[in-house]
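Novice:
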Amino acid sequence: MSNKAAREKLIFALDMGRGFDEAMSWVRLLTGHVGLFKVGKEAFTRFGPRLVEEIQKAGSRVFLDLKFHDIPNTVARAAEGAVEMGVAMFNVHALGGMSMMAETAKAVRETARKRELPEPVVLGVTVLTSLNDDDLRALGFSCSTAELVLRLARMARDAGLSGVVASAQDVEAIRKACGEGFAIVTPGIRGSARVAGDDQKRVLTAEEAIRRGSDYLVVGRPIQTAEDPVAAADELCREIARGLTAG
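Residue numbers for the sequence shown follow our numbering, beginning at 18 and rising by one.
1. With a cut-off of 8 angstroms on the beta carbons, I'd call Val56 and Val109 a contact; round off their distance for me.
2. Sort Gly49, Ala23 and Leu31 by Cα distance to Met41 and report the nearest one.
3. What does the alpha-carbon distance come out to for the pair Ala249 and Glu70?
4. Look at Pro137 and Met106 and say whether their C-beta atoms are less than 8 angstroms apart.
5. Helix, strand or coil for Asp151? Go by DSSP, reduced to three states.
6. Does DSSP classify Lys84 as helix, strand or coil?
7. As an exercise, report each continuous beta strand (DSSP E) stretch of at least 3 residues that is fully enclosed by the stretch 102-155, in chain order.
8. Just how far apart, CA to CA, sit Lys131 and Val125?
9. Please report the straight-line C-alpha distance between Pro239 and Gly205, rounded to a whole angstrom.
10. Using CA coordinates, which residue listed in Asn90, Leu53, Ala96 and Phe37 is at the minimum distance from Lys21?
11. At the 8 angstroms Cβ level, is Gly76 part of the contact set with chain B, yes or no?
12. Alpha carbons only, please: which of Gly103, Phe61 and His86 is nearest the one belonging to Arg78?
13. Quick check: the Cα distance between Ile227 and Val139, rounded to an integer number of angstroms?
14. Would you mind working out which of Asp187, Glu197 and Trp43 sits nearest Ala75, comparing C-alpha positions?
15. Could you compute how far the alpha carbon of Ala119 sits from the alpha carbon of Ala111?
16. List the DSSP bridge partners of Ile28.
17. With a CB to CB cut of under 8 angstroms and the five nearest residues on each side skipped, what residues in its chain are close to Leu165?
18. Can you tell which of Glu25, Thr262 and Glu59 has its C-alpha closest to the C-alpha of Phe37?
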């Protein structure tokens, strides 16, 4: 399995708000070593569309991780903006419901066609990897994390979304239920060493996640906190390549 194929599956979480120049320094450092840069709420709130534009000018692709969750019309209009911004991938909360996801998928298709723009991957966020069964019970859910993830993944598929964001521990069940063409993006990826202050509860290594069937992996702190971030990214790509070969 080529390093390029593995690299395209690695998403670096550019979730930092300390300064625009610092964020772009990570883009310059890791371009060519990761496939996409994830721009989340912290960075986007501080720097806005300018950050997305500068990442694209640097020759890299963007995963806009704002987890849209609102009434269907509002999310559909936000989705149109994401298409026009040229992002490669963005997400919505699957708990927003079937109508919200279906209207979003339709708006993305129509906007891409009218503007003659590439159609981004649209993902439904299932259950955050910071939550486990105890957390769901505290929120009033009677089902387990695994059951809720699978229910939401099926809804996202039926609504016409491209895939979901889900823990690697749920990948095999999602793949069986939703098929091979359904994209699965997995956060909570870690190396062998735990990261200080880690709040993720359902995590796996890069190789394990790919073996189970994840299509893309989101990695932040294991690269950010590494003594040599480029070497850490390259090692993750080697782990992904091993997982692809084994799979």
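We put the CB at the ideal spot given by N, CA and C, even for glycine.
Specialist: So, to answer that:
1. Going by Cβ atoms, the distance from Val56 to Val109 rounds to 15 angstroms, so no, they are not a contact pair.
2. Leu31
3. 26 angstroms
4. yes
5. helix
6. strand
7. 106-110 and 138-142
8. 10 angstroms
9. 10 angstroms
10. Leu53
11. The structure shown contains no chain B; it holds only a single protein chain.
12. Gly103
13. 20 angstroms
14. Trp43
15. 11 angstroms
16. Leu53 and Val235
17. Thr143, Val144, Leu153 and Phe158
18. Glu59
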